[in-house]
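*Asks:*
Protein chains: 2
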Amino acid sequence: MLRYICRMITNELLKGTLKTILLNLLAEHGRMYGYEIVQKVREQSNGAFQLTEGALYPALHKLEADGLLVTEKEMIGKRARKYYRLTPAGSEAKATKVTEFKAFVQAMQLLLNPKTAAG
Amino acid sequence: MLRYICRMITNELLKGTLKTILLNLLAEHGRMYGYEIVQKVREQSNGAFQLTEGALYPALHKLEADGLLVTEKEMIGKRARKYYRLTPAGSEAKATKVTEFKAFVQAMQLLLNPKTAAG
DNA sequence: ATTAATACCTAAATTTCTTAGGTAAAAAAT
DNA sequence: ATTTTTTACCTAAGAAATTTAGGTATTAAT
């Protein structure tokens, strides 16, 4: 069993952003399964984000319970693989979340660089 | 007693960023007191961030306990006002946090706009 | 007088994440 | 051949941060 030894410092900031990342990733790539998501997030962030499964699966299940994702199981030989896909509500939620994130970054810019980031 | 009725949507994203904001604000403005911080954050973010006191004071006390802030009390008439100020360790922590936040935003850019945000 | 604003704070509950596991199949390494 | 690593799913206890919902008291405004 693989355990990650070095956690990225920036993981602390990932709080509150995980769902945005998941919804966006599924919007880009269509259906994906959990293990794939962990790897894609690491690749696509150049190793900056290191999702843990303990964070990922509860988040996916929450999104599913909220009607933003649906799942389909597939057998690869004897091994089950569970694909997640956006629902229409999930697509809307994705757009909202991404917009919110951009607003968040802009607001942070105002706070961190009040001189240069004037509105 | 004033209660905020409308919470900004982006407040959810504030999670994990509060200390960065506080350290940065104190670095900019020198000493500040709690009530002042709540207002400054709202002003300087154009109303995007609405700090609650329930989040603010525990965060300030934590930073103080960690040696990043020191306090001085002042009486305005009969009313106590508690000023917070960065220690040298707090200044260092501020620089680190801001750098981390920028790295976080860059990583998010890679995740949200994989085509246009190439390294 | 009463309400609103200034000014501090705490505590219970919730949410979110980390840490630390468990199960099992397939592939790679020894 | 067997041990290890990778693939693939998951849960649960604990920690950390925040929300919600208060409490106290002074000063300013209506």
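Going line by line, the protein sequences match chains P and R. Quick note: the first sequence uses the numbering used here, first residue 1, plus one each step. Quick note: the second sequence uses the numbering used here, first residue 120, plus one each step. We put the beta carbon where it would ideally sit given N, CA and C, even for glycine.
Along chain R, which residues have their Cβ under 8 Å away from the Cβ of T17 (chain P)?
*Replies:* For this step, residue 17 (chain P) is matched to residue 17 along the first sequence. Those are L132, M227, listed as they occur along chain R.
*Asks:* Can you check DSSP and say which residues form a bridge with I195 (chain R)?
*Replies:* Here residue 195 (chain R) refers to the residue found at position 76 when the second sequence is read from its first residue. R:R198, per the DSSP bridge assignment.
*Asks:* I'd like the list of long-range same chain contacts for F220 (chain R), defined as Cβ closer than 8 Å, with 5 residues on each side in sequence excluded.
*Replies:* For the purposes of this step, residue 220 (chain R) is taken as the residue at position 101 of the second sequence. T136, T139.
*Asks:* Kindly list, in the order they appear in chain P, the residues whose Cβ is closer than 7 Å to that of Q163 (chain R).
*Replies:* On the second sequence, residue 163 (chain R) is found 44 positions in, with the first residue counted as 1. By Cβ distance, chain P contributes L110, L111, P114.
*Asks:* Using a Cβ cut-off of 9 Å, pull out every chain P residue sitting near L160 (chain R), in sequence order please.
*Replies:* Your numbering for residue 160 (chain R) matches position 41 in the second sequence. Here residue 160 (chain R) is Val; the residue named in the question, Leu, does not match the sequence. By Cβ distance, chain P contributes L111.
*Asks:* Please list the partners that I21 (chain P) has in chain R, where partner means a Cβ-to-Cβ separation under 7 Å.
*Replies:* As a position in the first sequence, residue 21 (chain P) is number 21, starting the count at 1. Simply L230.
*Asks:* Taking the C-alpha atoms as reference points, what is the distance between M151 (chain R) and I37 (chain P)?
*Replies:* The residue you call residue 151 (chain R) lines up with position 32 of the second sequence. The residue you call residue 37 (chain P) lines up with position 37 of the first sequence. Computed Cα separation, rounded: 43 Å.
*Asks:* Assuming L26 (chain P) and Y84 (chain P) are in contact, meaning their beta carbons sit under 8 Å apart, how far apart are those beta carbons, in whole angstroms?
*Replies:* Taking the first sequence and counting its residues from 1, one reaches residue 26 (chain P) at position 26. Taking the first sequence and counting its residues from 1, one reaches residue 84 (chain P) at position 84. About 6 Å separates the two Cβ atoms, so the contact holds.
*Asks:* Check whether the segment 70-85 of chain P and the segment 101-115 of chain P touch, using three or more Cβ-Cβ pairs below 8 Å as the test.
*Replies:* Touching, no, given that fewer than three Cβ pairs across the two stretches are closer than 8 Å.
*Asks:* Quick check on this structure: which residue in R:K197, R:K213, R:T218, R:A208 has the alpha carbon closest to the alpha carbon of G186 (chain R)?
*Replies:* Start at 1 with the first residue of the second sequence, and residue 186 (chain R) comes out as number 67. Minimum Cα distance to G186 (chain R) is reached at R:A208.
*Asks:* Considering only residues of the same chain and omitting the five flanking positions on each side of R42 (chain P), which have a CB-CB separation below 8 Å?
*Replies:* As a position in the first sequence, residue 42 (chain P) is number 42, starting the count at 1. Closer than 8 Å at the Cβ level, and outside the excluded window around R42 (chain P), lie F49, Q50, L51.
*Asks:* In angstroms, rounded to a whole number, what distance separates the CA positions of M227 (chain R) and T218 (chain R)?
*Replies:* Along the second sequence, one-based indexing puts residue 227 (chain R) at 108. Along the second sequence, one-based indexing puts residue 218 (chain R) at 99. Roughly 14 Å between the two C-alpha positions.
*Asks:* My output table needs one value for L170 (chain R): the three-state DSSP class, helix, strand or coil.
*Replies:* For this step, residue 170 (chain R) is matched to residue 51 along the second sequence. Correct three-state label for L170 (chain R): coil.
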